[in-house]
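Be aware that the sequence shown starts at 3, since it is given in my numbering, and climbs by one per residue.
The beta-carbon is built from N, C-alpha and C at its ideal position, and this holds for glycine as well.
Report on the following structure.
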Amino acid sequence: MTLKNIPNHLAVIMDGNGRWAKKRNLDRICGHIEGIKSLKSVIKGVIEHKIKYLTVYAFSSENWQRPSEEVDSLMQLLDEYIRLELPYLIKNKIRLNFIGNIGRIPEESKSTLLEAVKKTKNFGALNLTLALSYGSKEEILNAVSKIAEDFKEGRIDIEDINDGFFSSYLYTAGIPDPDFLIRTSGECRLSNFMLYQAAYTELYFTKTLWPDFRKKNLTAALKNYEKRVRKFGKTEI
Ligand code: FPP
3 MTLKNIPNHL AVIMDGNGRW AKKRNLDRIC GHIEGIKSLK SVIKGVIEHK IKYLTVYAFS
63 SENWQRPSEE VDSLMQLLDE YIRLELPYLI KNKIRLNFIG NIGRIPEESK STLLEAVKKT
123 KNFGALNLTL ALSYGSKEEI LNAVSKIAED FKEGRIDIED INDGFFSSYL YTAGIPDPDF
183 LIRTSGECRL SNFMLYQAAY TELYFTKTLW PDFRKKNLTA ALKNYEKRVR KFGKTEI
C-alpha cells in the first residue's frame with residue numbers, strides 16, 4: 003500500500019513487554035523476546051513503506067536500575083539480536099547505528115554492536131538506530147558541557163549557537179529530527195526520549211502492547227500520520 007505522506011524519520015518507544023508477559027503468567031524476559039519479533043516485523047514494514055530513518059528505544063539510562071537478571075537478559079538479547087540479524091541488515095542495505103552512553107554495556111554485546119555498526123556503515127536504504135543506555139537529559143547536558151569546553155578553548159563563538167549547531171553536539175548528530183513517534187502500551191509520555199529532537203514530532207499513542215504491535219499496526223499508525231497537518235508553529239499555508 004502506498005501512502006501519500008510518509009515520515010522520513012520514525013521513532014518508536016517499544017513499551018509493554020513486561021505487561022504482555024505478566025498477562026500470560028510468563029517471565030518478563032519472554033515479553034522482551036516476543037518484542038524482538040515485533041521489532042523485526044516493524045522493520046519489514048518500515049522498509050516496505052520506504053521510511054529512511056527508524057530509531058527505537060531499546061534500553062534507557064534508567065533501565066539499569068531494573069533487577070540484574072532482567073538487565074543481563076536484555077544485554078544478552080541485544081547481542082543475539084545483532085548476531086542473528088546482521089545478514090538481514092547487510093542483505094537489505096540497512097545501516098545500524100546507536101545513540102546513548104554505551105560505556106556500561108557489557109564488553110561482548112558492545113563489541114558485537116560496534117562490529118555491526120562498522121560492517122553496515124556504507125549502507126543507507128534504512129538507517130536503523132538503537133537507543134541504548136540512552137537518556138535525553140544526559141544527552142543535552144553532555145552537549146552543553148562540550149559546547150562550554152569548545153567555547154573555553156576558543157574553538158567557537160556564542161553567535162555560532164543555533165538549532166543546527168546544537169543538534170550537532172547531540173548523540174543524534176547527522177540524524178534528522180523524528181517526524182513521527184509511536185509509543186505502545188497506553189503510556190502517554192516521552193520518558194526521557196529525544197526531548198530536544200521531538201519539539202515538532204507528531205505523537206501517536208496506542209494501547210497495543212509492544213509484543214502485539216506488528217507490521218499491520220504500523221500501517222494503521224502511518225495512516226493516522228498521513229492525515230496530520232504539520233505547521234511547525236506557522237499557519238497552514
Ligand atoms: C519496555 O517494556 C521495553 C524495554 C525496556 C526493552 C525494549 C526491548 C525490546 C523490545 C527487545 C530488545 C530489543 C533489542 C534491540 C535488544 P517494559 O519492560 O517496560 O514493559 P512494562 O512497562 O509492561 O513493564
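Exercise for the section: Examine ligand 1 and report whether any of its heavy atoms sits within less than 6 Å of the Cβ of Met196. Expected result: Numbered from its first residue, the sequence shown carries residue 196 at position 194. For Met196, the Cβ stays outside the 6 Å cut-off from all heavy atoms of ligand 1.
Handout entry: Sequence-distant residues of the same chain with beta carbon closer than 7 Å to Ala127, five excluded per side
Key = Residue mapping note: residue 127 aligns to position 125 of the sequence shown, counting from 1. Setting aside the 5 residues that flank it on each side, Ala127 is surrounded in the same chain by Asn94, Lys95 and Ile96, each with a C-beta closer than 7 Å to its C-beta; the list follows chain order.
Handout entry: According to DSSP, residues forming a beta bridge with Arg157
Key = For this step, residue 157 is matched to residue 155 along the sequence shown. Partner(s): none; Arg157 has no beta bridge.
Practice task
Indicate the three-state DSSP secondary structure (helix, strand or coil) for Ile8 in the structure shown.
Solution key: The residue given as residue 8 occupies position 6 in the sequence shown. It is coil, neither helix nor strand.
Practice task
On a CA-only basis, which of Glu161, Cys32 and Glu141 is nearest Trp22? Give me that one, please.
Solution key: Your numbering for residue 22 matches position 20 in the sequence shown. Of the candidates Glu161, Cys32 and Glu141, the one whose C-alpha sits nearest the C-alpha of Trp22 is Cys32.
Exercise for the section: May I ask you to report which of helix, strand or coil DSSP gives Phe234? Expected result: What you label residue 234 is simply residue 232 of the sequence shown in a count that begins at 1. In this structure, Phe234 counts as coil in the three-state DSSP scheme.
Practice task
Decide if Ser240 is buried, meaning its Cβ has at least 16 other Cβ atoms within 10 Å, or exposed.
Solution key: Residue 240 lies beyond the residue range present for the chain, which begins at 3 and ends at 239; the question has no answer from this structure.
Handout entry: Any 3 or more C-beta pairs closer than 8 Å across the segment 60-79 and the segment 33-48
Key = yes
Problem - Simplified DSSP state of Leu132, which is helix, strand or coil - result: Here residue 132 refers to the residue found at position 130 when the sequence shown is read from its first residue. Three-state result, Leu132: strand.
Exercise for the section: Would you please state the rounded distance, in angstroms, between the beta carbons of Thr57 and Ala13? I believe it to be under 8 Å. Expected result: Reading the sequence shown from its first residue, position 55 is the one you call residue 57. Reading the sequence shown from its first residue, position 11 is the one you call residue 13. Right, their Cβ atoms sit about 5 Å apart.
Exercise for the section: Out of Leu134, Lys112, Lys39 and Leu88, state which residue places its alpha-carbon closest to the alpha-carbon of Ser63. Expected result: As a working mapping, residue 63 is identified with position 61 in the sequence shown. Minimum Cα distance to Ser63 is reached at Leu134.
Practice task
Express the C-alpha separation of Thr221 and Lys52 in angstroms, rounding to a whole number.
Solution key: Position 50 of the sequence shown, counted from the first residue, corresponds to residue 52. Position 219 of the sequence shown, counted from the first residue, corresponds to residue 221. For Lys52 and Thr221, the distance between alpha carbons rounds to 12 Å.
Handout entry: Coarse secondary structure for Asn103, derived from DSSP in three states
Key = Taking the first residue of the sequence shown as position 1, residue 103 is located at position 101. Coil.
Exercise for the section: Tell me whether Met77 counts as near ligand 1, meaning its Cβ is closer than 6 Å to at least one heavy atom of that ligand. Expected result: Locating residue 77 in the sequence shown gives position 75, where the first residue counts as 1. Incorrect: Met77 has no Cβ contact closer than 6 Å to ligand 1.
Practice task
Consider the C-beta atom of Gly188 and the heavy atoms of ligand 1; say whether any pair is separated by less than 6 Å.
Solution key: Taking the first residue of the sequence shown as position 1, residue 188 is located at position 186. No, since every heavy atom of ligand 1 falls outside the 6 Å radius drawn around the Cβ of Gly188.
Problem - Boundaries of the alpha helix (DSSP H) in which Arg21 is found, first to last residue - result: Along the sequence shown, one-based indexing puts residue 21 at 19. That run of the alpha helix (DSSP H) goes Asn19 to Lys25.
Handout entry: Cβ-Cβ distance between Asn10 and Lys54 below 7 Å
Key = As a position in the sequence shown, residue 10 is number 8, starting the count at 1. As a position in the sequence shown, residue 54 is number 52, starting the count at 1. Yes. Within cutoff.
Problem - Beta carbon of Gly18 nearer than 7 Å to that of Ser187 - result: Position 16 of the sequence shown, counted from the first residue, corresponds to residue 18. Position 185 of the sequence shown, counted from the first residue, corresponds to residue 187. Result yes, Cβ atoms of Gly18 and Ser187 sit closer than 7 Å.
Practice task
Spatial neighbours of Leu5 within its chain, please: CB distance less than 6 Å, with the 5 preceding and 5 following residues excluded, ordered by chain position.
Solution key: If you number the sequence shown from 1, residue 5 lands on position 3. Closer than 6 Å at the Cβ level, and outside the excluded window around Leu5, lie Leu224 and Glu228.
Exercise for the section: Kindly confirm or deny that the segment 202-218 and the segment 178-193 touch, where touching means at least three C-beta pairs closer than 8 Å. Expected result: Yes, the segment 202-218 is in contact with the segment 178-193.
Practice task
Report the partner residues of Ser62 according to the DSSP bridge assignment.
Solution key: Against the sequence shown, residue 62 aligns to sequence position 60. DSSP, once it has assigned bridges, lists Tyr136 as partnering Ser62.
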